[in-house]
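A.B. asks: First residue of the sequence shown? That's 14 in the numbering used here, and the numbers climb one at a time after it. Glycine included, each C-beta is placed from N, C-alpha and C at the ideal position.
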Amino acid sequence: MGRPRAFDTGQAITAAAALFAAHGYEGTSVDDLVTATGVHRGSLYKVFGSKRSLHLTVLRDHLDHEIRPATDAIAALTDPAQSLAAAIASYDGGPAAGLLLLAAAERAPHDPEVAALVAEGVTALEDALRPSHGDAAPQFASTVLGTRLRMRAQPRSKEN
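1) Count Cβ pairs between the stretch 138-152 and the stretch 91-103 that sit closer than 8 Å; are there 3 or more?
2) Would you mind stating whether residue 69 and residue 46 have Cβ atoms separated by less than 8 Å?
3) Name the two residues that bound the continuous alpha helix (DSSP H) containing residue 95.
4) My output table needs one value for residue 20: the three-state DSSP class, helix, strand or coil.
5) Which term fits residue 55, buried or exposed, when burial requires 16 or more other beta carbons within 10 angstroms of its beta carbon?
6) Taking the Cβ atom as the reference point for each residue, do residue 84 and residue 129 lie within a distance shorter than 8 Å?
7) Measure the alpha-carbon distance for residue 121 versus residue 73 and round it to whole angstroms.
8) Between residue 104 and residue 29, what straight-line distance do the alpha-carbon atoms span, to the nearest angstrom?
9) Do you know offhand how far residue 81's Cα is from residue 133's?
10) Looking at C-alpha atoms only, which residue of 35, 21, 160, 44 is the closest neighbour of residue 99?
11) Keeping to the same chain, check which residues put their C-beta closer than 8 Å to that of residue 71; ignore five residues upstream and five downstream.
12) Are residue 141 and residue 87 closer than 8 Å when you measure CB to CB?
13) Under DSSP, the alpha helix (DSSP H) around residue 50 begins and ends at which residues?
14) Using 8 Å for Cβ pairs, my map puts residue 59 next to residue 43. What's the rounded Cβ distance?
15) Let me know the alpha helix (DSSP H) ranges lying completely inside the stretch 59-93, each 4 residues or longer, listed in chain order.
16) Could you work out which residue in 67, 123, 101, 62 is closest to residue 24 when comparing CA atoms only?
Right, here's the structure in full:
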């Protein structure tokens with residue numbers, strides 16, 4: 014009989030999300046994941062299968078626990094200025110800020126599963142903006158994502 018799992022899967026996913034958000038998929042090694050999660054390499058592979066599978070799990074978790082709650086709150090706003098401001102302020106602004114955008118730029122062009130998750134996140138934002146912006150929702154979603162991308166491209170101080 015195997016030993017029970019000695020780590021919290023949710024905590025491992027959160028730690029991996031922070032690494033992928035900060036360094037991207039390619040910039041995060043399995044050794045980095047082992048160090049950040051505190052999970053031995055063998056256990057990491059046993060539970061998640063591969064670095065790619067862990068990345069997909071992190072993206073799914075990001076959609077479910079960060080993007081969906083943000084888009085639900087945005088969709089409840091009917092004033093166009095308020096909904097746009099809420100989207101810019103909150104969309105992808107959690108502990109894994111930038112994760113969806115990094116996945117879009119880095120992995121989606123080469124990985125259909127990542128592309129599908131990115132499309133799901135973008136569609137969720139478009140749908141959230143539709144009650145306040147109607148048919149222009151996709152353009153406003155692009156504005157929000159472009160703003161997030163510009164913010165991410167700003168040089169960071171050593172404290173950040």
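C.D. replies: Taking the geometry as given:
1) yes
2) Counting from 1 along the sequence shown, the entry for residue 69 is found at position 56. Counting from 1 along the sequence shown, the entry for residue 46 is found at position 33. The answer is no: Cβ separation not under 8 Å.
3) Within the sequence shown, the letter at position 82 stands for residue 95. Counting along the chain, residue 95 sits inside the alpha helix (DSSP H) bounded by residues 93-103.
4) Taking the first residue of the sequence shown as 1, we reach residue 20 at position 7. Coil.
5) Taking the sequence shown and counting its residues from 1, one reaches residue 55 at position 42. By the neighbour-count definition (other C-beta atoms within 10 Å, threshold 16), residue 55 is an exposed residue.
6) Position 71 of the sequence shown, counted from the start, is the residue given in the question as residue 84. Position 116 of the sequence shown, counted from the start, is the residue given in the question as residue 129. For residue 84 and residue 129, no; Cβs fall outside 8 Å.
7) Translated into positions along the sequence shown, residue 121 becomes position 108. Translated into positions along the sequence shown, residue 73 becomes position 60. Between residue 121 and residue 73, the C-alpha separation is close to 14 Å.
8) Residue 104 sits at position 91 when you count from the first residue of the sequence shown. Residue 29 sits at position 16 when you count from the first residue of the sequence shown. Going by the C-alpha atoms only, they are around 20 Å apart.
9) Within the sequence shown, the letter at position 68 stands for residue 81. Within the sequence shown, the letter at position 120 stands for residue 133. Residue 81 and residue 133 have their C-alpha atoms some 10 Å from each other.
10) Walking along the sequence shown from the start, residue 99 turns up at place 86. It is 160.
11) Position 58 of the sequence shown holds residue 71. Once the five neighbours on either side are set aside, the close Cβ partners of residue 71 are 26, 29, 30, 33, 109, 112.
12) Taking the first residue of the sequence shown as position 1, residue 141 is located at position 128. Taking the first residue of the sequence shown as position 1, residue 87 is located at position 74. Taking the C-beta atoms as reference points, residue 87 is found nearer than 8 Å to residue 141.
13) Counting from 1 along the sequence shown, the entry for residue 50 is found at position 37. Looking at the DSSP string, the run of the alpha helix (DSSP H) that includes residue 50 is 43-50.
14) Mapped onto the sequence shown, residue 59 falls at position 46. Mapped onto the sequence shown, residue 43 falls at position 30. With a Cβ gap of about 13 Å, residue 59 and residue 43 do not count as contacting.
15) 64-75, 81-88
16) Taking the sequence shown and counting its residues from 1, one reaches residue 24 at position 11. Residue 24 has its Cα closest to that of 67, out of 67, 123, 101, 62.
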